[in-house]
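Structure record follows, encoded as structure tokens.
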Amino acid sequence: MAHRFPALTPEQKKELSEIAQRIVANGKGILAADESVGTMGNRLQRIKVENTEENRRQFRELLFTVDDSIRQSIGGVILFHETLYQKDSQGKLFRNILKERGIVVGIKLDQGGAPLAGTNKETTIQGLDGLSERCAQYKKDGADFGKWRAVLRIDNQCPSSLAIQENANALARYASICQQSGMASLLLGICFLSGGMSEEDATLNLNAINLCPLRKPWKLSFSYGRALQASALAAWGGKAANKKATQEAFMKRAVANCQAAQGKYVHTGSSGATSTQSLFTASYTY
Numbered sequence: 154m155a156h157r158f159p160a161l162t163p164e165q166k167k168e169l170s171e172i173a174q175r176i177v178a179n180g181k182g183i184l185a186a187d188e189s190v191g192t193m194g195n196r197l198q199r200i201k202v203e204n205t206e207e208n209r210r211q212f213r214e215l216l217f218t219v220d221d222s223i224r225q226s227i228g229g230v231i232l233f234h235e236t237l238y239q240k241d242s243q244g245k246l247f248r249n250i251l252k253e254r255g256i257v258v259g260i261k262l263d264q265g266g267a268p269l270a271g272t273n274k275e276t277t278i279q280g281l282d283g284l285s286e287r288c289a290q291y292k293k294d295g296a297d298f299g300k301w302r303a304v305l306r307i308d309n310q311c312p313s314s315l316a317i318q319e320n321a322n323a324l325a326r327y328a329s330i331c332q333q334s335g336m337a338s339l340l341l342g343i344c345f346l347s348g349g350m351s352e353e354d355a356t357l358n359l360n361a362i363n364l365c366p367l368r369k370p371w372k373l374s375f376s377y378g379r380a381l382q383a384s385a386l387a388a389w390g391g392k393a394a395n396k397k398a399t400q401e402a403f404m405k406r407a408v409a410n411c412q413a414a415q416g417k418y419v420h421t422g423s424s425g426a427t428s429t430q431s432l433f434t435a436s437y438t439y
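Numbering (the working numbering), first residue to last: 154 to 439.
So, in structure tokens, the structure goes:
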């Protein structure tokens, strides 16, 4: 039975559906560029680059100002709060650069994990307080979808029923609030995560998923951070002179994953050393 008082109007539902379809149309996927300051610091440390706002800005500028054909592979980009308000070297907001290319701008909305009492070191995600107001402001500032992730610990006793229920409820509340603000709610899982796999393995596995001859009620695409950026970050090394190599490395992975999202990727064996290196981090904390 239909609810007598639907939370969303037909117009809102139409807008949200169109946003979601644009993100994953024709093999497109998501660039997850929403690393926190601390996480980005770990990435920069590996290439011996200081973790400053300017260095973070410079690297992301290289990703966002790549060849215009990027619009054929990347349908959406998730930004961190800092990045949503950063500008390129010419003074243009990153979010406007992306939107002019038809790429949907997203924003990370959760505020990290907190211990869940009564469990064995399990967590629930923070950020519901004030979420409606934050969503309204982000929508005004150009974001059209939001990201919220719940982390479930996996071992012999986990996840507990409590952790599953608490995180499921939080995800549902986030999605409802996000949608009421006019932003599509990204729930990770349908958009495949790279999870510490090498760039090449992440692409091959996405391709295999799309080749599986089963019913697919939705598009199986990607939301990759490390698996789109690792080779580019290594090529950059913090040096402006490496712009061309950095952008070529990023484009190569973007195109490969676009093909994989359609089950059309063919491994050539010439991926490069960085793309086959494991990106796994022990005890990784989201």
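For glycine and all other residues, C-beta sits at the position ideal for the given N, C-alpha and C.
- As a beta-bridge residue in DSSP terms, G259 pairs with I231, F298.
- With fewer than three CB-CB distances shorter than 8 Å, the stretch 353-371 does not count as touching the stretch 327-334.
- In the displayed model, G266 falls within a strand according to three-state DSSP.
- Contact check for V202 against V230 fails: the beta carbons are separated by 8 Å or more.
- Secondary structure in the stretch 374-427: the beta strand (DSSP E) runs of 3 residues or longer, each lying completely within the stretch, are 374-377 in chain order.
- Cβ contact annotation for S374 (same chain, cutoff 6 Å, sequence separation greater than five): V177, G182, C344, A414, in chain order.
- By the criterion of a C-beta distance shorter than 6 Å, L184 is surrounded in its chain by I227, V230, L381, once the five residues flanking it on both sides are discounted.
- L232 and E168 have their C-alpha atoms spaced approximately 21 Å apart.
- The DSSP assignment places complete alpha helix (DSSP H) segments of no fewer than 4 residues inside the stretch 328-374 at 352-364, in order along the chain.
- In the three-state DSSP reduction, L305 falls in the coil class, being neither helix nor strand.
- Runs of the alpha helix (DSSP H) lying entirely within the stretch 175-216, each at least 4 residues long, are 190-199 in chain order.
- Taking 8 Å as the cut-off, the beta carbon of L216 is found closer than this to the beta carbon of A186.
- Of all C-beta pairs linking the stretch 303-321 to the stretch 276-284, three or more are shorter than 8 Å, placing the two stretches in contact.
- The three-state reading of DSSP puts L161 in coil, since its state is none of H, G, I, E or B.
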